[in-house]
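Q:
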Amino acid sequence: MLFGLLQKPQTNVQGEIRAFETIAYNGRKYTLKDAQKSGLSATLGELKNGEPIILAEGYATGATLHENAGKKAVVISFGKNGLLDTAKSLRERYPDSKIYIGADNDHAQQINAGLIDAKAVEKLCQTLMFCYHSSIKAIKAKIGMMYLLIKALMSSNVN
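In terms of the working numbering, the sequence shown is residues 485 to 643.
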């Protein structure tokens with residue numbers, strides 16, 4: 485028996501399991517070698533056309549948003565270009581839903597892939613975008629942005 489491992493199923497937009505991501509006790513992530521890599525996600529809550537959807541990059545961010553946004557539906561994207569691939573699928577399947585982005589601001593990296601992906605999704609889906617800082621020093625900014633997202637979702641003028 486293995487201890488200290490977390491396995492997360494990764495599904496396509498139809499809900500079919502296509503891969504697993506394993507996170508070890510030390511934080512390292514592993515995926516199945518020959519499994520599908522693009523367009524995979526995990527969903528927390530129930531998706532309904534016309535209801536708001538939070539699209540998050542990474543499981544920890546997605547689970548936190550789900551818990552703090554009144555159990556609103558959250559779709560968690562995985563992998564390179566995961567936000568964009570998942571957003572395209574969601575937009576096709578849920579055309580009347582507003583999509584809110586909880587993206588990583590990878591400001592410490594030479595190429596800020598999280599922010600680049602989020603901006604591409606914003607243009608594609610005409611969404612409201614909220615960025616989350618990935619550094620521990622920016623935790624107050626992360627909490628502040630999460631509060632704004634929750635407030636926007638709970639306001640009466642938002643689907």
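C-beta atoms are modelled at their ideal positions from N, C-alpha and C, and glycine is treated no differently.
Is R577 helix, strand or coil by DSSP?
A: For this step, residue 577 is matched to residue 93 along the sequence shown. R577: helix per DSSP, three-state reduction.
Q: Count the C-beta pairs between the segment 520 to 528 and the segment 543 to 562 that are closer than 8 Å, then say yes if the count reaches three, no if not.
A: Contact holds: three or more Cβ-Cβ distances are below 8 Å.
Q: So for Y509, helix, strand or coil by DSSP?
A: Indexing the sequence shown from 1 puts residue 509 at position 25. Correct three-state label for Y509: coil.
Q: Just the C-alpha distance for T515 and P493, rounded to the nearest angstrom, thanks.
A: Position 31 of the sequence shown, counted from the first residue, corresponds to residue 515. Position 9 of the sequence shown, counted from the first residue, corresponds to residue 493. So the two alpha carbons sit approximately 10 Å from each other.
Q: Within the present structure, is the beta-carbon of Y514 separated from the nearest heavy atom of the ligand SAH by less than 7 Å?
A: Absent from the structure shown: the ligand SAH. Ligands present: none.
Q: Buried or exposed, going by whether 16 or more other CB atoms sit within 10 Å of the CB of E505?
A: If you number the sequence shown from 1, residue 505 lands on position 21. The residue in question, E505, is buried, as its Cβ has 16 or more Cβ neighbours within 10 Å.
Q: Please classify K556 as buried or exposed, where buried requires at least 16 neighbouring CB atoms within 10 angstroms.
A: Reading the sequence shown from its first residue, position 72 is the one you call residue 556. By the neighbour-count rule (16 or more Cβ atoms within 10 Å), K556 is buried.
Q: Whole angstroms are fine: how far does the CA of A503 sit from the CA of Y509?
A: For the purposes of this step, residue 509 is taken as the residue at position 25 of the sequence shown. For the purposes of this step, residue 503 is taken as the residue at position 19 of the sequence shown. Computed Cα separation, rounded: 20 Å.
Q: Secondary structure at A544, three-state DSSP: helix, strand or coil?
A: The residue given as residue 544 occupies position 60 in the sequence shown. In this structure, A544 counts as helix in the three-state DSSP scheme.
Q: Taking DSSP's pairing of strands, which residues face A504 in a bridge?
A: Translated into the one-based positions of the sequence shown, residue 504 becomes position 20. The residue asked about is misnamed: residue 504 is Phe in this sequence, not Ala. Answer is P493, bridged to F504.
Q: Helix, strand or coil: how does DSSP classify I538 here?
A: Within the sequence shown, the letter at position 54 stands for residue 538. DSSP places I538 in strand when its eight states are reduced to three.
Q: Looking only at DSSP bridge pairs, what is S522 linked to?
A: Looking up residue 522 in the sequence shown gives position 38. Partner(s): none; S522 has no beta bridge.
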